[in-house]
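So the sequences go chain by chain: L and Y.
Quick note: the first sequence, position 7, residue 502 per this note's numbering, numbers continuous.
Quick note: the second sequence, position 7, residue -4 per this note's numbering, numbers continuous.
Just so it is clear, CB atoms sit at the ideal spot from N, CA and C, and this is done for glycine as well.
Note that the structure is a prediction, hence the values are computed from the model and not measured.
Since the structure comes first, as structure tokens, the remarks are kept for the end.
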Amino acid sequence: AQKVTQAQTEISVVEKEDVTLDCVYETRDTTYYLFWYKQPPSGELVFLIRRNSFDEQNEISGRYSWNFQKSTSSFNFTITASQVVDSAVYFCALSEALGGYQKVTFGTGTKLQVIP
Amino acid sequence: EPEVTQTPSHQVTQMGQEVILRCVPISNHLYFYWYRQILGQKVEFLVSFYNNEISEKSEIFDDQFSVERPDGSNFTLKIRSTKLEDSAMYFCASKSYSSYNEQFFGPGTRLTVL
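Have a look at this one:
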């Protein structure tokens, strides 16, 4: 069974601070995908990143960076120089990779509030 | 850029009524999904659909729920007799065969059962 744990329920930071959102996952599969989604107050799910289990390279996209460590089953997300527009709920998610129709299992989300 | 669309954006219904939530997946996609998010909680998988049949469903997806792809473009979720606890945001998603498991999510339908 797949499981995603986001231990941080809510985080508040002051604008321009860096913040890291933690994600720990469990799966029996050797091949899988990890995702991060942003859910702003308007409610839609905004795709941020996908990472497959064979690619442990860290990734940076602007102010966003992701640290994937297979040894600790973690896929953490860092926002550098946070901005008020980063305020949202962030979900980490996991999906099996083999076959066509695997479901996505979401974590419980971390609510990030960036204070001006 | 192609996207998944969902209608309506917000549906209010009385307990016991039937509702149909509609989704138009991305046109060349083959796999379709419904997820549910109760307010303040995580997004939960309901059902996946491929080749005109359900491929997997969760415990939440009981006999009150059904899915259909009636005309090759729409993908619907029907709740036969709504309960108060069905109030949630419902997300549709679709995926192509080769999209490396990236499911494209629609904007969601907020269902309120009174």
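Cross-chain neighbours of residue i in chain Y, by beta carbon under 9 Å
i      : result
L:T504 : Here the premise fails: no neighbours, minimum Cβ distance about 10 Å.
L:F586 : K31, V32
Residue environment, residue i, which counts as buried when at least 16 other CB atoms sit within 10 Å
i      : result
L:D574 : As written in the sequence, residue 574 of chain L is Ile, which differs from the Asp given in the question. It is buried - the Cβ of L:I574 has at least 16 other Cβ atoms within 10 Å.
L:I610 : exposed
L:T525 : exposed
L:R523 : exposed
L:S577 : buried
L:G557 : exposed
Y:K67  : exposed
Y:D51  : exposed
L:K598 : buried
Y:Q6   : exposed
Y:M4   : exposed
L:E591 : buried
Y:L103 : exposed
L:L540 : buried
L:D600 : For the sequence presented, residue 600 of chain L should be read as Thr rather than Asp. By the neighbour-count rule (16 or more Cβ atoms within 10 Å), L:T600 is buried.
L:T605 : buried
Under 8 Å by beta carbon: chain Y residues contacting residue i
i      : result
L:L540 : V32, F80, F94, G97
L:T500 : Those within 8 Å of L:T500 in chain Y number zero; the least Cβ separation is about 11 Å.
Residues that residue i contacts on chain Y, provided the C-beta gap is smaller than 7 Å
i      : result
L:T603 : K31
Contact set between residue i and chain L, taken where Cβ atoms lie within less than 7 Å
i     : result
Y:E48 : None at all; the shortest Cβ gap to chain L is about 12 Å.
Supposed contact pair residue j and residue i - C-beta distance, whole angstroms, cut 8 Å
i      : j       : result
Y:T98  : Y:S(-2) : 6 Å
L:Q497 : L:L589  : 5 Å
L:S548 : L:Y527  : 5 Å
Y:T101 : Y:S76   : 5 Å
Y:F80  : Y:Q26   : 7 Å
(message) Please give me, in chain order, every unbroken run of the beta strand (DSSP E) with length at least 3 that falls completely inside the stretch 529 to 572 of chain L.
(response) 541 to 547, 554 to 556, 559 to 564
(request) Take every Cβ of the stretch 560 to 574 of chain L, pair it with every Cβ of the stretch 511 to 519 of chain L, and state whether three or more of those distances are shorter than 8 Å. (result) yes
(request) Quick one: which unbroken beta strand (DSSP E) runs of 3-plus residues sit fully inside the stretch 15 to 43 of chain Y? Chain order, please. (result) 20 to 26, 32 to 39
(message) Whether or not the stretch 54 to 69 of chain Y and the stretch 29 to 40 of chain Y are in contact is what I'm after, with contact meaning three or more pairs of Cβ atoms, one per stretch, closer than 8 Å; do they touch?
(response) yes
(message) Contact between the stretch 79 to 87 of chain Y and the stretch 15 to 24 of chain Y is defined here as three or more beta-carbon pairs at a separation below 8 Å; is this criterion met?
(response) yes
(request) Count the CB pairs spanning the stretch 550 to 569 of chain L and the stretch 5 to 17 of chain Y that are closer than 8 Å, and state whether there are at least three. (result) no
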